[in-house]
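Quick notes on the structure that follows.
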Amino acid sequence: MNTATALNADLHCHSVHSDGVLAPAELARRAHGNGVRLWALTDHDEVAGVAEAATAAASLGMPFVPGVEISVTWAGRTVHIVGLRFDPANPVLTAGLAGIRVGRAERAAEIGRRLDARLGMSGCLEGALRYAMNPGLVSRTHFARFLVDQGRLPTMQSVFDQHLGQGKPANVPGRWAGLAEAVSWIIGAGGRAVVAHPGRYAYSQLEYGAFFDAFKEAGGEGLEVVTGSHRPAQFDEYAKVARHYGFLASRGSDFHSPRESRVDLGTLPPLPEDLTTVWYDWF
Ligand code: AMP
Ligand code: MN
Ligand code: MN
Ligand code: MN
Numbered sequence: 389m390n391t392a393t394a395l396n397a398d399l400h401c402h403s404v405h406s407d408g409v410l411a412p413a414e415l416a417r418r419a420h421g422n423g424v425r426l427w428a429l430t431d432h433d434e435v436a437g438v439a440e441a442a443t444a445a446a447s448l449g450m451p452f453v454p455g456v457e458i459s460v461t462w463a464g465r466t467v468h469i470v471g472l473r474f475d476p477a478n479p480v481l482t483a484g485l486a487g488i489r490v491g492r493a494e495r496a497a498e499i500g501r502r503l504d505a506r507l508g509m510s511g512c513l514e515g516a517l518r519y520a521m522n523p524g525l526v527s528r529t530h531f532a533r534f535l536v537d538q539g540r541l542p543t544m545q546s547v548f549d550q551h552l553g554q555g556k557p558a559n560v561p562g563r564w565a566g567l568a569e570a571v572s573w574i575i576g577a578g579g580r581a582v583v584a585h586p587g588r589y590a591y592s593q594l595e596y597g598a599f600f601d602a603f604k605e606a607g608g609e610g611l612e613v614v615t616g617s618h619r620p621a622q623f624d625e626y627a628k629v630a631r632h633y634g635f636l637a638s639r640g641s642d643f644h645s646p647r648e649s650r651v652d653l654g655t656l657p658p659l660p661e662d663l664t665t666v667w668y669d670w671f
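Heads up: the sequence shown is residues 389 to 671, going by my numbering.
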């Protein structure tokens, strides 16, 4: 048995410090209870929850590494790059993330204006902010939660389908990091960069190849193969990509909320045994 791929690692999830609904310590307990034995918290563009997560994981005897999911623009589209096992106090990294959050706040104001106009209401930004514990980290998720709880739309999915999703009128492009820039922040802080949910981007085949080449060229090493954001058929597809490019493989639920998330912490199938895991040299 390949002990590395057999380890129940969950290296992707969100807390109230970004668009999750649980506190880092609650996530730690849930992960541990579900059998997770290597855990990372990966909030969007923010590391403020890492210290609480580390303390909670340590008290449970659950190995933990700091994480983050950085918003990046590449070839006109948003991609997410996960950073793992870096120094969360690294000043270049924390300054870079702070810059992304400034762009997020401006974008949230514009999303609010567009939703107000489209829905014939006022206060969408203020509503979304009530759902964001961290006012510097307002995401589309917070707008969607607000509109569903107001009864304006039936489901989160319907908000994205009609208003906030790719190509929809209230989808405001973010002022995100560059690909090489985000990867350099992670590596500079001593960490490892991983492409989050590679199956979710609307790139052409040609663009995907150029994207993986650019990521590798920048020093990126890993690819999420088994993620809650992939359909099971995509586990095999991205295992092939990992083999082709020599990427290390990662696994993570992308858990946000007990009510909203399809996949719970620590419940995905293991990585294919022949892959080298992103955690192969951590122990
Ligand atoms: P943002 O970073 O503000 O662009 O928001 C992106 C977040 O929205 C993702 O991290 C997901 O948590 C969430 N999201 C994206 N698409 C959907 C969808 N179709 N349904 C529900 N949540 C979504
Ligand atoms: Mn999210
Ligand atoms: Mn993501
Ligand atoms: Mn995520």
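Virtual Cβ for every residue (Gly too), placed ideally from N, Cα, C.
* To do: Give, in chain order, every unbroken run of the alpha helix (DSSP H) that is at least 4 residues long and sits entirely within the region 416-458.
  => 438-448
* Near ligand 2: D652 beta-carbon under 6 Å from a heavy atom -> Taking the first residue of the sequence shown as 1, we reach residue 652 at position 264. Not under cutoff, so the answer is no.
* Asked: Based on Cα-Cα distance, which residue from A520, D642, L659 lies nearest to V651?
  -> Residue mapping note: residue 651 aligns to position 263 of the sequence shown, counting from 1. Residue D642 is the option with its Cα nearest to V651.
* Asked: Just the Cα atoms here: how many angstroms apart are H644 and V404?
  -> Walking along the sequence shown from the start, residue 644 turns up at place 256. Walking along the sequence shown from the start, residue 404 turns up at place 16. Taking the straight line from one Cα to the other gives about 9 Å.
* Backbone CA spacing between A493 and A486 [nearest angstrom] -> The residue you call residue 493 lines up with position 105 of the sequence shown. The residue you call residue 486 lines up with position 98 of the sequence shown. About 11 Å.
* Can you tell me where the alpha helix (DSSP H) with L485 in it begins and where it stops? -> Here residue 485 refers to the residue found at position 97 of the sequence shown. For L485, the enclosing alpha helix (DSSP H) covers residues 479-507.
* Just the C-alpha distance for A416 and M521, rounded to the nearest angstrom, thanks. => As a working note, residue 416 is residue 28 in the sequence shown. As a working note, residue 521 is residue 133 in the sequence shown. The straight-line gap from Cα to Cα measures roughly 18 Å.
* Asked: Is F548 near ligand 1, with its Cβ less than 6 Å from a heavy atom?
  -> To locate residue 548, count along the sequence shown from 1; it is residue 160. True, at least one ligand heavy atom lies under 6 Å from that Cβ.
* **Sequence-distant residues of its chain with Cβ nearer than 7 Å to L503 (five each side left out)** => Taking the first residue of the sequence shown as position 1, residue 503 is located at position 115. Setting aside the 5 residues that flank it on each side, L503 is surrounded in the same chain by C512, F531, H551, A558, each with a C-beta closer than 7 Å to its C-beta; the list follows chain order.
* To the nearest angstrom, report how far apart G640 and I499 are at their CA atoms. => Here residue 640 refers to the residue found at position 252 of the sequence shown. Here residue 499 refers to the residue found at position 111 of the sequence shown. Approximately 29 Å, taken between the alpha carbons.
* Under 6 Å from any heavy atom of ligand 4, does the C-beta of D642 make it? -> Position 254 of the sequence shown, counted from the first residue, corresponds to residue 642. Under cutoff, so the answer is yes.
* Asked: What residue range is occupied by the uninterrupted alpha helix (DSSP H) comprising A532?
  -> Position 144 of the sequence shown, counting from 1, holds the residue named residue 532. Its alpha helix (DSSP H) spans residues 528-537.
* Asked: Comparing the CB of D398 with every heavy atom of ligand 2, is any distance shorter than 6 Å?
  -> One-based indexing of the sequence shown puts residue 398 at position 10. Relative to ligand 2, D398 has its C-beta separated by 6 Å or more from all heavy atoms.
* Asked: The alpha helix (DSSP H) with V547 in it runs from where to where?
  -> One-based indexing of the sequence shown puts residue 547 at position 159. Secondary structure note for V547: its alpha helix (DSSP H) is the uninterrupted segment 544-547.
* Start-end ranges of the alpha helix (DSSP H) lying completely within the region 550-606, minimum 4 residues -> 567-576, 593-605
* N422 beta carbon less than 7 Å from that of L653 -> Here residue 653 refers to the residue found at position 265 when the sequence shown is read from its first residue. Here residue 422 refers to the residue found at position 34 when the sequence shown is read from its first residue. Closer than 7 Å, so yes.
* Excluding five sequence neighbours on each side, which residues of the same chain lie with their C-beta closer than 8 Å to the C-beta of V553? -> Counting from one through the sequence shown, the residue named residue 553 turns up at place 165. Going by the sequence as given, residue 553 is Gly instead of Val. Once the five neighbours on either side are set aside, the close Cβ partners of G553 are N559.
* From the DSSP output, which residues share a beta bridge with S638? -> Start at 1 with the first residue of the sequence shown, and residue 638 comes out as number 250. Looking at the DSSP output, S638 sits in a beta bridge with E612.
* Extent of the continuous beta strand (DSSP E) to which R465 belongs -> Residue numbering aside, residue 465 sits at position 77 when the sequence shown is read from its first letter. From DSSP, the beta strand (DSSP E) with R465 extends over 465-472.
* **Quiz: which residues have CB nearer than 6 Å to ligand 3 non-hydrogen atoms** => E457, H468, A584, H585
* To do: Could you tell me if the beta carbon of D433 falls within a distance shorter than 6 Å of some heavy atom in ligand 2?
  => The residue labelled residue 433 in the question sits at position 45 within the sequence shown. False, no ligand heavy atom lies under 6 Å from that Cβ.
* Kindly indicate which three-state DSSP category A411 falls into: helix, strand or coil? => Taking the sequence shown and counting its residues from 1, one reaches residue 411 at position 23. In this structure, A411 counts as coil in the three-state DSSP scheme.
* Between the CA atoms of E605 and A397 - distance to the nearest angstrom -> Residue mapping note: residue 397 aligns to position 9 of the sequence shown, counting from 1. Residue mapping note: residue 605 aligns to position 217 of the sequence shown, counting from 1. Between A397 and E605, the C-alpha separation is close to 27 Å.
* To do: Please determine, among R563, R473, I574, S510, the residue with the shortest C-alpha to C-alpha distance to F671.
  => If you number the sequence shown from 1, residue 671 lands on position 283. Considering only alpha carbons, the answer is R473.
* Asked: Quick one: Cα of G524 to Cα of A496, how far?
  -> What you label residue 524 is simply residue 136 of the sequence shown in a count that begins at 1. What you label residue 496 is simply residue 108 of the sequence shown in a count that begins at 1. Each residue's alpha carbon lies about 10 Å from the other.
* Asked: What's the C-alpha gap between I488 and V583?
  -> Here residue 488 corresponds to residue number 100 of the sequence shown, with the count starting at 1. Here residue 583 corresponds to residue number 195 of the sequence shown, with the count starting at 1. Approximately 18 Å between the Cα atoms of the pair.
* Is the Cβ-Cβ distance between L448 and L426 less than 7 Å? -> Residue 448 sits at position 60 when you count from the first residue of the sequence shown. Residue 426 sits at position 38 when you count from the first residue of the sequence shown. Result no, Cβ atoms of L448 and L426 do not sit closer than 7 Å.
* Taking the alpha carbon of P479 as the point to measure from, which residue in A442, R518, A446, E434 has its own alpha carbon closest? -> Numbered from 1 along the sequence shown, position 91 holds the residue referred to as residue 479. The residue with the shortest Cα to Cα distance from P479 is E434.
* As assigned by DSSP and simplified to three states, the class of T461 -> Within the sequence shown, the letter at position 73 stands for residue 461. T461 falls in the strand class under three-state DSSP.
* Asked: Apart from the five residues on each side of it in sequence, which residues of its chain come closer than 7 Å, Cβ to Cβ, to N390?
  -> For this step, residue 390 is matched to residue 2 along the sequence shown. Cβ within range, chain order: E661.
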